[in-house]
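Sequences listed follow chains A and B, in order.
Letter by letter, the first sequence follows residues 1 to 393 in full-length UniProt numbering.
Letter by letter, the second sequence follows residues 1 to 283 in full-length UniProt numbering.
Below is one structure, written out as structure tokens; comments come after it.
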Amino acid sequence: MDCVVTGGNVKVLAKAIHSLSRIGDELYLEPQEDGLALRSVNSSRSAYACFLFSPLFFSRYTIPLGHAFRCKMAIKCVQAVFRSLSSLEKTVEKCHIELDGEKSRLTFTLHCKHGLLKTHNLSFQDSESLQAVFDKESCANMLRAQPRLLVDTVLHFPPSLEEVSVSVSGERVWFRNHVDDEAEQSKAMLTELCLSSDEFDHFAVGAQTSITFCLKELRGLLVFAESTGLPVSMYFDESGSPVVLSVTDSVLEVNFVLATLSDDSNLCNHNNNTKRARSPPPPDDFMTDDIDSYLIAMETSELAGPSDALAPRSPSPNHTLTTPPSVAMRRLERGEEEEEEDTEDTERPPNKKFRSLFFGSVCPSDSQLTNQTIKSQEVLASDSEDDTQASLP
Amino acid sequence: MKFRAKIIDVGCLNHFTRVVNTISKLTKTCILRLTPNNLYFVLSGKVASGGVGMWCELSQANFFDEYQLEGVAPDANEICLEVTPENLSRALRTSQNAKCVKIKLTKKHCPCLTLVAELPTLSSVSRVVTHDIPVDVIPRRLWHDFKEPRMPDFDVSIYLPPLKTMKNVVDRMKNLSNFLVMEANLNGEMNLKIETDLVSVTTHFKDLGNPPWGDDGSQGRSRSRDPEVMAHTRVDIRKLQQFLMGQQVNPSKAMCNIVHKRIIHLILLHEDVSLQYFIPAVA
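Below is the structure:
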């Protein structure tokens with residue numbers, strides 16, 4: 001693999017890496033025919049980001065022939081290459097990324113002014129393909145806005161706020177802070193910002209909906225979007241389904257896929273929507289076979305052994321691609337074991353249940369097959385309470 | 001009980017925000033008393049607040065374009081709430097360019113002070129930010145705790161040196177000792193002293209001037225007083241530092257009354273806001 005990024009694009013690449021660092025600890029790098037894909041996912045698999053730089057972004061773009069190459073690296077190491085954004089802008093003329101297959105190293109060479117060369121040799125690990133399965137176009141709701149609007153919106157919320165709720169109806173959008181802790185609900189300050197559809201470049205809303213997702217990751221995208229000035233599109237369905245935030249232009253496609261809370265009863269705080277009765281706690285279905293086959297689907301890549309990020313389970317030799325299980329994976333909170341959390345919380349309904357994103361395995365050889373796979377496996381949309389393997393709409 | 005108020009003027013909004021910011025730096029929670037003419041942020045000098053007392057008085061007409069109050073009863077036309085000023089500060093912070101800010105007492109999941117700001121946009125419809133700040137309503141039988149503190153029978157009253165200078169001095173002294181002695185006399189001299197086993201440091205201020213209290217106040221005590229003699233009080237240095245840290249605006253008048261070995265009473269007067277702060281002595 002051999003790529004060269006020149007001029008202002010170096011800064012864009014650097015910003016992309018900084019943005020990805022807000023999601024997870026590892027950077028997954030995959031040179032594809034349609035461009036270089038940089039991806040990251042968080043440890044609980046509830047947030048995923050992908051920056052796809054088309055070959056036109058580069059002044060030179062050659063990918064390894066034959067077998068596909070994928071690797072992952074500690075993102076902090078890559079960030080160190082692109083440390084100071086302001087000095088990058090002023091001194092770096094081009095950035096050369098080269099794969100040294102023999103030594104398992106990725107070499108980043110920054111060609112700076114005055115003939116200065118900074119070479120960083122980063123070692124990588126082979127990895128499986130990381131690709132969240134989602135279909136933006138089939139989402140019922142779509143909003144598109146200038147990044148400034150969203151930046152101004154999140155400004156009203158304190159930096160410490162974890163989750164934000166977004167509700168839409170015909171003409172309006174509400175952004176609210178989400179208070180999940182029972183104890184805090186009576187004492188917490190509630191902030192709500194109401195925007196009219198006029199302020200959006202595009203506003204397509206199906207039914208009245210409300211979703212709750214992590215604000216920190218949204219901020220990560222907004223920092224990038226604001227620097228490029230490109231509009232941000234938000235695609236979502238009902239709560240429980242992931243929300244996709246995209247920024248696109250001719251040479252770049254960014255997608256952030258964030259899981260949303262599937263339990264809406266916390267929104268009773270805000271009197272806007274009709275109150276929904278608390279649903280009874282779903283049966284604990286953590287250790288069912290569904291999980292196993294779901295996790296196995298992640299490991300079908302030809303190149304790699306099990307990835308570090310996956311919890312080790314005994315893999316069965318059967319790979320399934322066709323029937324995605326509908327499993328709600330509770331986000332691991334504070335490193336608690338999943339089993340312990342279940343037994344403790346039998347009294348009250350789980351107050352935080354982010355659905356984990358579905359990651360499909362992608363057959364490495366054929367990119368066309370990739371597209372087909374994505375289309376046939378749609379976003380998790382079924383109810384989490386139902387334990388059965390629901391078929392997708 | 002009903003309370004609705006509206007601020008339209010940007011200057012008033014900024015000023016009100018600065019006052020609330022100052023209060024939020026002085027204490028985590030305090031009492032907000034709403035009367036037909038004034039607002040008061042009160043901290044009664046109880047053990048819970050470390051004996052520190054605060055009384056901040058704002059004339060409502062100087063801030064609000066509209067102000068409607070219906071108190072708990074016709075003969076007690078006021079409302080008393082326990083608030084966290086940091087929340088109010090946060091709500092005001094991002095509304096500085098609002099066309100209009102409304103504050104009202106509401107009942108949501110609990111009694112709240114609801115702040116609604118209409119923000120300007122390019123489109124025809126404004127952006128509306130609503131903040132619901134939970135408050136506790138203080139029942140009438142507890143109101144006696146939050147009355148205006150009496151002027152103490154002070155020994156010396158003196159104008160303060162520039163607050164910024166005082167803050168710099170106190171910041172450095174805090175590194176050396178937990179307690180500070182403030183002393184002053186009727187000759188316009190003030191000293192800030194710290195003393196430890198290893199070191200003692202004194203900062204001297206001269207020509208500060210003494211406020212002429214006239215016939216009210218405790219002239220009796222200080223009239224016959226030798227102007228050279230210092231009245232002093234030893235206080236917890238962090239409390240003094242906290243007071244100095246929070247000040248955002250230069251007051252038009254800043255003075256201090258010292259009751260020998262009992263209390264330091266700091267008074268800051270701005271155009272439409274007055275702030276009194278009581279720091280008790282420590283042994």
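By construction, the Cβ of each residue, glycine as well, lies at the ideal position given by its N, Cα and C atoms.
Computed from a predicted structure; not experimentally measured.
- Relative to the Cα of L117 of chain A, the nearest Cα in the group A:L130, A:S129, A:E93, A:E98 belongs to A:E93.
- Between L268 of chain B and P280 of chain B a beta carbon distance of about 19 Å is seen, past the 8 Å cut, so the two are scored as non-contacting.
- Counting along the chain, the unbroken alpha helix (DSSP H) around P85 of chain B starts and ends at 85 to 93.
- A distance of 8 Å or more separates the beta carbons of T91 of chain A and K76 of chain A.
- Secondary structure note for T17 of chain B: its alpha helix (DSSP H) is the uninterrupted segment 10 to 26.
- The distance from the Cβ of V83 of chain B to that of L32 of chain B is about 5 Å, consistent with a contact at the 8 Å cut-off.
- Per DSSP, reduced to three states, the secondary structure at N177 of chain A is strand.
- In the three-state scheme derived from DSSP, where H, G and I count as helix and E and B as strand, A188 of chain A is classed as coil.
- With respect to the 8 Å criterion, F205 of chain B and E228 of chain B are not classified as neighbours on the basis of their beta carbons.
- 8 Å or more divides the Cβ of E78 of chain B from the Cβ of S274 of chain B.
- Interface annotation for the segment 131 to 155 of chain B against chain A: H131, D132, I133, P134, criterion Cβ-Cβ distance under 7 Å.
- Contact of V20 of chain B with chain A is not assigned, every C-beta pair being separated by 8 Å or more.
- One alpha carbon belongs to Q60 of chain B, the other to L69 of chain B, and they sit about 11 Å apart.
- Within 10 angstroms of the beta-carbon of L65 of chain A lie fewer than 16 other beta-carbons, which makes it exposed.
- Rounded to the nearest angstrom, the Cβ distance from R70 of chain A to E30 of chain A is 5 Å, consistent with a contact under 8 Å.
- Taken in chain order, the complete alpha helix (DSSP H) segments of 4 or more residues contained in the segment 151 to 176 of chain B are 163 to 174.
- Residue-level contact by beta carbon fails for M142 of chain A and chain B, as no gap is shorter than 8 Å.
- Between the alpha carbons of A98 of chain B and G229 of chain A lies a gap of roughly 25 Å.
- Neighbours of P158 of chain A in chain B, taken as residues whose beta carbon is under 8 Å from its own, are R90 in chain order.
- For chain B, the residues of the segment 179 to 206 of chain A that bring a beta carbon within less than 9 Å of one of its beta carbons are Q185, S186, K187, A188, M189, L190, T191, E192, L193, C194, L195, S196, S197, D198, E199, in chain order.
- Counting other Cβ atoms within 10 Å of its Cβ, D155 of chain B reaches 16 or more and is therefore classed as buried.
- In the three-state reduction of the DSSP assignment, P147 of chain A falls in the helix class.
- Think of a sphere of 7 Å around the beta carbon of L155 of chain A: the chain B residues whose beta carbon falls inside it are T94, in chain order.
- Residue B:V42 holds the alpha-carbon nearest to the alpha-carbon of W55 of chain B among B:V42, B:V259, B:A184.
- As the crow flies, the alpha-carbon of M1 of chain B is around 16 Å from that of L39 of chain B.
- Within the segment 92 to 122 of chain B, the residues whose Cβ lies closer than 7 Å to any Cβ of chain A are, in chain order, T94, H109, C110, T121.
- Every candidate alpha helix (DSSP H) stretch fails here, since none sits fully inside the segment 28 to 77 of chain B while reaching 4 residues.
- Contact between the segment 94 to 113 of chain A and the segment 171 to 188 of chain A is absent, with fewer than three C-beta pairs closer than 8 Å.
- I138 of chain B has no beta-bridge partner at all, per DSSP.
- Taking a Cβ-Cβ cut-off of 8 Å, the neighbours of N87 of chain B in chain A comprise M189, given in sequence order.
- Against chain A, the CB of V125 of chain B has a partner CB under 8 Å away; the residue lies at that interface.
- Measuring C-alpha to C-alpha distances from K102 of chain B to each of B:D132, B:S157, B:V199, B:P211 identifies B:D132 as the nearest.
- About 11 Å separates the beta carbons of R60 of chain A and C95 of chain A, which is beyond the 8 Å limit, so they are not a contact pair.
- Against chain A, the CB of V129 of chain B has a partner CB under 8 Å away; the residue lies at that interface.
- G209 of chain B: not part of any beta strand (DSSP E); DSSP gives it neither H nor E.
- The alpha-carbon of I23 of chain B is positioned some 14 Å away from that of H270 of chain B.
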